[in-house]
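The sequence shown begins at 25 in this note's numbering and counts up one residue at a time.
Ideal Cβ positions, reconstructed from N, Cα and C, are used throughout, including at glycine.
The next block holds one structure in the form of structure tokens; read it before the comments.
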Amino acid sequence: MITIGITAYREGTWLQECWNSVLSQTFKDWEAILVLDGGADVKTKTIFDSIAHPRLKKIQMPENKGPYPCREAIFEESTYDVILYIDADDFFAPDAAAKVVDLFADPTVAYAGVGAELFWEDGTRKYIPGHPTTIEKLIRNFEFPGYLVFRKSTWINLGKYEPMLKRGKADFDFCLKILEKNLKGKFLQDVLIYKRERNRSVCRSYNHRMGRVHEIIVSNHPLIFNDDSIRRYFLNLGYMTS
Numbered sequence: 025m026i027t028i029g030i031t032a033y034r035e036g037t038w039l040q041e042c043w044n045s046v047l048s049q050t051f052k053d054w055e056a057i058l059v060l061d062g063g064a065d066v067k068t069k070t071i072f073d074s075i076a077h078p079r080l081k082k083i084q085m086p087e088n089k090g091p092y093p094c095r096e097a098i099f100e101e102s103t104y105d106v107i108l109y110i111d112a113d114d115f116f117a118p119d120a121a122a123k124v125v126d127l128f129a130d131p132t133v134a135y136a137g138v139g140a141e142l143f144w145e146d147g148t149r150k151y152i153p154g155h156p157t158t159i160e161k162l163i164r165n166f167e168f169p170g171y172l173v174f175r176k177s178t179w180i181n182l183g184k185y186e187p188m189l190k191r192g193k194a195d196f197d198f199c200l201k202i203l204e205k206n207l208k209g210k211f212l213q214d215v216l217i218y219k220r221e222r223n224r225s226v227c228r229s230y231n232h233r234m235g236r237v238h239e240i241i242v243s244n245h246p247l248i249f250n251d252d253s254i255r256r257y258f259l260n261l262g263y264m265t266s
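Shown next, in the form of structure tokens:
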């Protein structure tokens with residue numbers, strides 16, 4: 025059993041495409057949670073209102089909360105421990121749920137890295153395999169273990185998302201928590217997620233705060249950033265992005 029989560033904001037017809045990819049899953053023992061952030065445009069809201077399914081729970085934020093509080097709502101409301109979520113402008117491969125359930129069949133597996141394909145409006149595509157990574161690779165090269173999937177229990181045990189990072193990089197901070205604890209992971213190279221890359225994405229709109237964001241992450245992980253070279257590199261990267 026698995027919870028499939030979708031967070032929506034201003035994706036328009038892409039939300040319908042995303043939902044259709046849920047309905048197309050070969051693994052049928054799922055529940056779905058669809059969260060609409062406050063401030064959504066009329067088209068997205070209309071599609072959100074039109075989507076219905078016996079195993080679907082819909083949540084509408086009363087005001088704009090940002091991407092991570094919407095994802096948190098999925099984790100809070102999930103019935104199942106295994107959770108696979110995406111943003112509404114992305115979509116799943118038909119076997120995504122089946123393969124994620126298989127990865128977590130071992131109850132000691134806390135997280136997984138799965139394959140993803142990034143695609144742009146100009147036709148550019150980039151394949152990201154699921155693979156082991158390290159703390160230093162994550163910090164210096166932004167090298168996630170592929171598309172990161174983790175249990176609800178992992179999310180709770182590691183203290184959930186950092187509240188001060190609700191507008192950006194909470195996933196980076198959480199991945200550091202996973203690697204810092206050396207939790208058991210599994211990795212799959214198969215593409216399970218198709219991610220649409222947009223120049224005006226929500227997270228990128230907060231780049232002007234990146235210096236402060238990196239300071240918060242450094243403060244959250246004193247043992248990791250006790251290394252002076254890593255700390256200087258990461259802080260300077262944040263300041264240059266701001």
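query                                                                                                                  : result
Residue span of the alpha helix (DSSP H) that contains residue 185, given as start and end                             : Note, residue 185: premise wrong, no alpha helix (DSSP H); not H, not E.
Ranges of the beta strand (DSSP E) found wholly within the stretch 94–143, counting only runs of at least 3            : 107–111, 135–143
First through last residue of the beta strand (DSSP E) which encompasses residue 31                                    : 26–32
Cβ-Cβ distance between residue 133 and residue 173 below 8 Å                                                           : no
Pair within 8 Å by beta-carbon distance, residue 26 and residue 108                                                    : yes
Cβ contact (3+ pairs, closer than 8 Å) linking the stretch 214–225 and the stretch 182–189                             : no
Cβ contact (3+ pairs, closer than 8 Å) linking the stretch 108–128 and the stretch 40–47                               : yes
Supposed contact pair residue 239 and residue 261 - C-beta distance, whole angstroms, cut 8 Å                          : 12 Å between Cβ atoms; not a contact.
Buried or exposed (CB count within 10 angstroms, at least 16 for buried), residue 59                                   : buried
Spatial neighbours of residue 101 in its chain, beta-carbon cut-off 8 Å, leaving aside the 5 residues before and after : 57, 81, 83
Environment of residue 248 [buried if 16+ CB atoms lie within 10 Å]                                                    : buried
Check: residue 43 C-beta below 7 Å from any heavy atom of the ligand MG                                                : In terms of ligand content, the structure shown is empty, and the ligand MG therefore cannot be addressed.
Spatially closest choice to residue 136 from 164, 210, 48, by CA coordinates                                           : 210
Helix, strand or coil at residue 207 according to DSSP, with G and I counted as helix                                  : coil
Close Cβ partners of residue 176 (< 6 Å) along its chain, the five nearest in sequence each way excluded               : 99, 102, 105, 107
Euclidean distance between Cα positions of residue 254 and residue 158                                                 : 13 Å
Sufficient close CB pairs (3 or more, under 8 Å) joining the stretch 195–204 to the stretch 143–155                    : no
Proximity below 8 Å, CB of residue 71 to CB of residue 46                                                              : no
Backbone secondary structure at residue 202 - three-state DSSP                                                         : helix
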